[in-house]
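As structure tokens, the structure follows; a few thoughts come after it.
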DNA sequence: AGTGCGGCCTGTCCGC
DNA sequence: TGCGGACAGGCCGCAC
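In the working numbering, the protein residues as written are 27 to 297.
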């Protein structure tokens, strides 16, 4: 599933094919994604130029003069660049063709993703407005997290997965970063010291940057096959490693369920 | 306001 | 071998 690093890699992959190109055609084969694709999307976007291909949280923006196309990949979505010679397959729901003939094609078997329109400025859109800082921005600091966590009773894991606190930390990276920071995922967010938040913030930045590097390598030829799931697996320290030994201490990795999500951690290393 | 959970959806895996 | 059911997950929107 696309986590932030994969979304950023996708963005970088499609950008050169779309930037400064005019949108010529939008084909919607399946309107029913997480939210319906607006019926008037083609009307709004056709003959408009893509001024920027950017990202906020796990949303990809195609910025036009009159507004923005927002794309979210949900958990099974992927983007590729092709031409109309490549026939759409079963789960290829949307094509956006630009003036050089290239097509941006969205595939999403589970339909958890979305394609939406936002009037200017996109930052005022309902889904965007309340989002927390980008984890890789300088504004995301230990002080910020520590302050936000004051008196919070929820677990540190659900705290860092809360997009109103910080964006882009999904279920996999929540486990991974808490392991790197040596923090027990069950610990209450409000009960964590500033110095431990410093470790956590460093771990989040490190892990996401490493994964973006990995994604960059794996998805280099993005217009071809595109990203297979599980390509991060080699680098994962705890996620999906239930019963295997901890890379730090040799203890067995434990799995349990938190907020209906699988958490993996080392009982010895994480306190 | 903070917290937790239901729901959306289909491919994959497991057990029978 | 084929089939059914459990499971996975991002994250909004609602209920408490």
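Backbone N, C-alpha and C fix where the C-beta goes; we use that ideal spot for every residue, glycine too.
Where does residue 48 fall in DSSP's three states? As a first step, residue 48 is located in the first chain; it is residue number 22 there, counting from the start. Note: residue 48 maps to strand in three-state DSSP.
**First through last residue of the alpha helix (DSSP H) which encompasses residue 174** = Start at 1 with the first residue of the first chain, and residue 174 comes out as number 148. Unbroken alpha helix (DSSP H) run through residue 174: 168–175.
Which stretch, first to last residue, makes up the alpha helix (DSSP H) that contains residue 185?
Along the first chain, read from residue 1 onward, the residue named residue 185 stands at position 159. Going by DSSP, residue 185 is part of the alpha helix (DSSP H) stretching over 182–187.
Determine whether the beta carbon atoms of residue 136 and residue 158 lie at a separation below 8 Å.
Stepping through the first chain from its first residue, residue 136 is reached at position 110. Stepping through the first chain from its first residue, residue 158 is reached at position 132. Going by C-beta atoms, residue 136 is not nearer than 8 Å to residue 158.
Exercise for the section: Rounded to whole angstroms, what's the CA-CA distance from residue 181 to residue 52? Just pull it up for me. Expected result: Mapped onto the first chain, residue 181 falls at position 155. Mapped onto the first chain, residue 52 falls at position 26. Going by the C-alpha atoms only, they are around 43 Å apart.
Self-check item: N- and C-terminal bounds of the alpha helix (DSSP H) containing residue 152
Solution: Here residue 152 refers to the residue found at position 126 when the first chain is read from its first residue. Residues 152–155.
Could you check if residue 106 is buried or exposed, using at least 16 other CB atoms within 10 Å of its CB as the buried criterion? As a first step, residue 106 must be located in the first chain, where it is residue number 80. Buried, because 16 or more other Cβ atoms sit within 10 Å of the Cβ of residue 106.
(Q) Extract the residue ranges of the alpha helix (DSSP H) inside the region 35–80, only unbroken runs of 4 or more that lie entirely within it. (A) Taking only runs of at least 4 residues, the alpha helix (DSSP H) segments lying wholly in the region 35–80 are 67–71.
Practice item. Look at the Cβ atom of residue 114, then the Cβ atom of residue 60, and state whether they are nearer than 8 Å. Key: The sequence position of residue 114 within the first chain is 88, counting from 1. The sequence position of residue 60 within the first chain is 34, counting from 1. A distance of 8 Å or more separates the beta carbons of residue 114 and residue 60.
*asked:* Given a cut-off of 8 Å on the beta-carbon distance, is the pair residue 76 and residue 46 in contact?
replied: By 1-based counting over the first chain, the position of residue 76 is 50. By 1-based counting over the first chain, the position of residue 46 is 20. Closer than 8 Å, so yes.
* Asked: Taking the alpha-carbon positions, what's the residue 91 to residue 74 distance?
  -> Counting from one through the first chain, the residue named residue 91 turns up at place 65. Counting from one through the first chain, the residue named residue 74 turns up at place 48. The alpha-carbon separation between residue 91 and residue 74 amounts to approximately 7 Å.
message = On the DSSP bridge list, what partners appear for residue 278?
response = Locating residue 278 in the first chain gives position 252, counting from the first residue. Partner(s): 271.
Could you check which residue in 225, 148, 286 and 265 has the C-alpha nearest to that of residue 279?
The residue labelled residue 279 in the question sits at position 253 within the first chain. It is 265 whose Cα lies nearest to the Cα of residue 279.
Handout entry: Contacts around residue 118, its chain only, beta-carbon distance under 6 Å, and the 5 residues preceding and following it disregarded
Key = Position 92 of the first chain holds residue 118. Annotation for residue 118: 131 and 133 place their beta carbon closer than 6 Å to its own, counting only its chain and skipping 5 residues before and after.
| Which class does residue 227 belong to by DSSP, given the choice of helix, strand or coil? | Taking the first residue of the first chain as position 1, residue 227 is located at position 201. Secondary structure of residue 227 (DSSP, three-state): helix.
query: Ordered along the chain, which non-local residues of its own chain (more than five positions away) have a Cβ less than 6 Å from that of residue 184?
result: Taking the first residue of the first chain as position 1, residue 184 is located at position 158. Correct list, in chain order: 285.
Limits of the beta strand (DSSP E) - the one that residue 206 falls within
Residue 206 sits at position 180 when you count from the first residue of the first chain. Note, residue 206: premise wrong, no beta strand (DSSP E); alpha helix (DSSP H) at 197–207.
Exercise. Between the C-alpha atoms of residue 112 and residue 172, what's the straight-line distance to the nearest angstrom?
Worked result: One-based indexing of the first chain puts residue 112 at position 86. One-based indexing of the first chain puts residue 172 at position 146. Approximately 50 Å between the Cα atoms of the pair.
*Can the beta-carbon of residue 294 be found less than 8 Å from the beta-carbon of residue 277?*
If you number the first chain from 1, residue 294 lands on position 268. If you number the first chain from 1, residue 277 lands on position 251. Yes, the pair counts as a contact, with Cβ atoms nearer than the cut-off.
Worksheet entry | Coarse secondary structure for residue 261, derived from DSSP in three states | Counted from its first residue, the first chain places residue 261 at position 235. Residue state, collapsed to three classes: helix.
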